[in-house]
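A short worksheet on the structure shown next.
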Amino acid sequence: MSARDGMSSAETLRAQLERAQTRAFGIGGVGFALCFVLGLAFHRATALHRSYLFAFMFWLLIPVGCSAILMLHHMTGGWWGYPIRRLLEAGTRTFPIIAALFVPNLLGMSRLYPWAQPDQVAADPLLQYKHAYLNPGFFSVRAVVYFAIWFGLAFFLNKWSEQQDRTGDARLALRMESLSAPGLILWGIAVTFSSVDWVMSLEPHWFSTIYGMIFMMAAALAAMSFVVFTLRMLSDSDPLRDSVTPNQYNDLGNLMLAFVMLWAYLSFSQFLIIWSGNIKDEIPWYISRAFGGWGKVAAVLLLLHFAAPFFLLLQRGVKRRLRRLSMVAGLLMVLSLVDVYWLVAPAYDPAGPSMNLDRWLDLLAVAGVGGVWVGAFCRQLKKQPLLPLHDPRFEGVALEHGHGD
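For the sequence shown, our numbering gives the first residue as 1, with consecutive numbering after it.
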């Protein structure tokens, strides 16, 4: 390929990403505008904040999961991470916009959480007992700490990766590996406590020691699904077109399968422990989610978020063909959205989902937050080459795997 052809290909890819960025920001702007207009016009400010929290928690999963998978890649040095590393890094660089998108949750705290409402705290001895931890000031401080951890890890991993591209310094790979091991521990702590603060405390009488781990797997699965789906969209562009093999797709499919199994195992373990314990403070959480309208949603999750992808991802013919694998990834992204909805919405609407104005607010909030986040992701992705440069773990190997069937 000539230099002119290479430049043309790079310019085409950049134009493609710029179009996607513009469309995403446009969708985000329209979604936000309609969401706020409908919410305020029909005096649904509380419902608006609830819809926004649900949408935020779903889109938060992707950059959080990208951080974990990126650190896992640096720890193992696996060839599977070569084609998706730039996508993961672009995802982690969206934490500043995610932090900005979190602000409405702070502003609407009193509409979202019972422990932020003085009259409910005064009437509930348990909320008074938990007030030292569940109070607006400490809640806000902890949120800053969580974002500082995620942003700090992303900052150094991206900084050293960019330096590696520019200088080819082999020591930078070891530096990223050394940060990733303790970084995953810090990441796990931040995910655990943030999921407890932002979602579990919607129902402060209920608790689960597995809850944080469920969110860890949900984040990893949502991020891997998003990355695989995006990889398919970019697979015809240079240099991905001639640099990724079916074996790498197979490895990515195996990782998706592992995340699906871990998500199902942890979710079922939580259900089994709470249901068999039959403790009055814990069992109502599942009663509202396992019966009635929410029970139907749970059945959909069991079938399409576990059983169907589990069966499909056992097939080598699915995992070794990116088009088929991306279809499974798209399904898992949609079901990850449903999963977050099933976790969040029953706290406000235990009777079950119904098609009313609140549901439209939910959809518009997802479009608003998602449009802004996807636009920010596209903007970050076009800043670097689609494949790492001068990584000593892949130099030479890239030539060997440069062409696959």
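We put the CB at the ideal spot given by N, CA and C, even for glycine.
What residue does the alpha helix (DSSP H) around Gln120 start on, and which one ends it?
-> To locate residue 120, count along the sequence shown from 1; it is residue 120. Element bounds for Gln120: 118-123.
Rounded to a whole number of angstroms, what is the C-alpha to C-alpha distance between Pro388 and Ala170?
-> Reading the sequence shown from its first residue, position 388 is the one you call residue 388. Reading the sequence shown from its first residue, position 170 is the one you call residue 170. Answer to the nearest angstrom: the Cα atoms are 13 Å apart.
Using alpha carbons as the reference points, say which of Ala218, Gly212, Val318, Pro204 lies closest to Asn250.
-> If you number the sequence shown from 1, residue 250 lands on position 250. Out of Ala218, Gly212, Val318, Pro204, Val318 has the C-alpha closest to the C-alpha of Asn250.
Please determine, among Leu106, Asn254, Ala290, the residue with the shortest C-alpha to C-alpha distance to Trp275.
-> Taking the first residue of the sequence shown as 1, we reach residue 275 at position 275. Shortest Cα-Cα distance from Trp275 to any of Leu106, Asn254, Ala290 involves Ala290.
Helix, strand or coil: which one does DSSP assign to Asp165?
-> Against the sequence shown, residue 165 aligns to sequence position 165. Secondary structure of Asp165 (DSSP, three-state): helix.
May I have the straight-line CA-CA distance separating Leu153 from Val340, to the nearest angstrom?
-> Against the sequence shown, residue 153 aligns to sequence position 153. Against the sequence shown, residue 340 aligns to sequence position 340. Using only the alpha carbons, I get a separation of about 25 Å.
The alpha helix (DSSP H) spanning Ala415 covers which residue range?
-> Any property of residue 415 remains undetermined from this structure, which presents the chain solely from 1 to 405.
If we call anything under 9 Å between Cβ atoms a contact, is Met92 one with Ser110?
-> To locate residue 92, count along the sequence shown from 1; it is residue 92. To locate residue 110, count along the sequence shown from 1; it is residue 110. Checking the sequence, you will find Thr at residue 92 rather than Met. Against a cut-off of 9 Å, the Cβ pair of Ser110 and Thr92 comes out as no contact.
When the Cα atoms are used, what is the spatial distance from Ala24 to Val374?
-> For the purposes of this step, residue 24 is taken as the residue at position 24 of the sequence shown. For the purposes of this step, residue 374 is taken as the residue at position 374 of the sequence shown. Between Ala24 and Val374, the C-alpha separation is close to 6 Å.
Classify Ile279 as buried or exposed, calling it buried when 16 or more other Cβ atoms lie within 10 Å of its own Cβ.
-> The count along the sequence shown starts at 1 and reaches residue 279 at position 279. In this structure Ile279 is exposed. Its beta-carbon is surrounded by fewer than 16 other beta-carbon atoms within 10 angstroms.
Would you kindly report the start and end of the unbroken alpha helix (DSSP H) that includes Lys296?
-> Translated into positions along the sequence shown, residue 296 becomes position 296. Residues 292-300.
Skipping 5 residues on each side, what residues in its chain have a beta carbon closer than 6 Å to that of Gly253?
-> The residue given as residue 253 occupies position 253 in the sequence shown. Contacts found: Leu313, Lys319, Leu325.
Taking just the CA atoms, how far does Val369 sit from Leu101?
-> What you label residue 101 is simply residue 101 of the sequence shown in a count that begins at 1. What you label residue 369 is simply residue 369 of the sequence shown in a count that begins at 1. So the two alpha carbons sit approximately 8 Å from each other.
DSSP three-state assignment for Leu313, whether helix, strand or coil = Within the sequence shown, numbered from 1, the residue matching residue 313 stands at position 313. Correct three-state label for Leu313: coil.
CB Met261 to CB Ala181, shorter than 9 Å?
-> Numbered from 1 along the sequence shown, position 261 holds the residue referred to as residue 261. Numbered from 1 along the sequence shown, position 181 holds the residue referred to as residue 181. Not a contact, by the Cβ cut-off of 9 Å.
What's the C-alpha gap between Phe32 and Ser336?
-> Within the sequence shown, the letter at position 32 stands for residue 32. Within the sequence shown, the letter at position 336 stands for residue 336. One Cα belongs to Phe32, the other to Ser336, and the distance between them is close to 22 Å.
Within this structure, are the beta carbons of Val227 and Tyr82 separated by less than 9 Å?
-> Indexing the sequence shown from 1 puts residue 227 at position 227. Indexing the sequence shown from 1 puts residue 82 at position 82. With a cutoff of 9 Å on beta-carbon distance, Val227 and Tyr82 are scored as not near each other.
Of all the options Ala122, Trp59, Phe42, which has the alpha carbon lying nearest to the alpha carbon of Gly28?
-> As a first step, residue 28 is located in the sequence shown; it is residue number 28 there, counting from the start. Out of Ala122, Trp59, Phe42, Trp59 has the C-alpha closest to the C-alpha of Gly28.
Through-space distance from Val300 to Leu134, alpha-carbon basis = Taking the sequence shown and counting its residues from 1, one reaches residue 134 at position 134. Taking the sequence shown and counting its residues from 1, one reaches residue 300 at position 300. CA-to-CA, the gap between Leu134 and Val300 works out to about 33 Å.
Distance between Leu179 and Gly392 (C-alpha atoms, nearest Å) = If you number the sequence shown from 1, residue 392 lands on position 392. If you number the sequence shown from 1, residue 179 lands on position 179. Per the sequence presented here, residue 392 reads as Pro, with Gly not at that position. Distance between the alpha carbons of Pro392 and Leu179 is about 17 Å.
Do you know offhand how far Ala132's Cα is from Met333's?
-> Taking the first residue of the sequence shown as position 1, residue 132 is located at position 132. Taking the first residue of the sequence shown as position 1, residue 333 is located at position 333. A direct Cα-to-Cα measurement between Ala132 and Met333 gives close to 37 Å.
How is the alpha helix (DSSP H) around Ser410 delimited, first residue to last?
-> Residue 410 lies beyond the range of the chain shown here (1 to 405); nothing can be said about it.
By Cβ distance below 8 Å, which residues in the same chain neighbour Ala10 in space, the five residues on each side in sequence not counted?
-> Taking the first residue of the sequence shown as 1, we reach residue 10 at position 10. Same-chain partners within the cutoff: Asp238.
Pairwise C-alpha distance: Met75 and Glu177 = On the sequence shown, position 177 is the one that residue 177 refers to. On the sequence shown, position 75 is the one that residue 75 refers to. Glu177 and Met75: Cα-Cα distance of roughly 5 Å.
On a CA-only basis, which of Leu88, Ala376, Asn356, Gly352 is nearest Ala219? Give me that one, please.
-> Numbered from its first residue, the sequence shown carries residue 219 at position 219. Among Leu88, Ala376, Asn356, Gly352, the Cα nearest to that of Ala219 belongs to Leu88.
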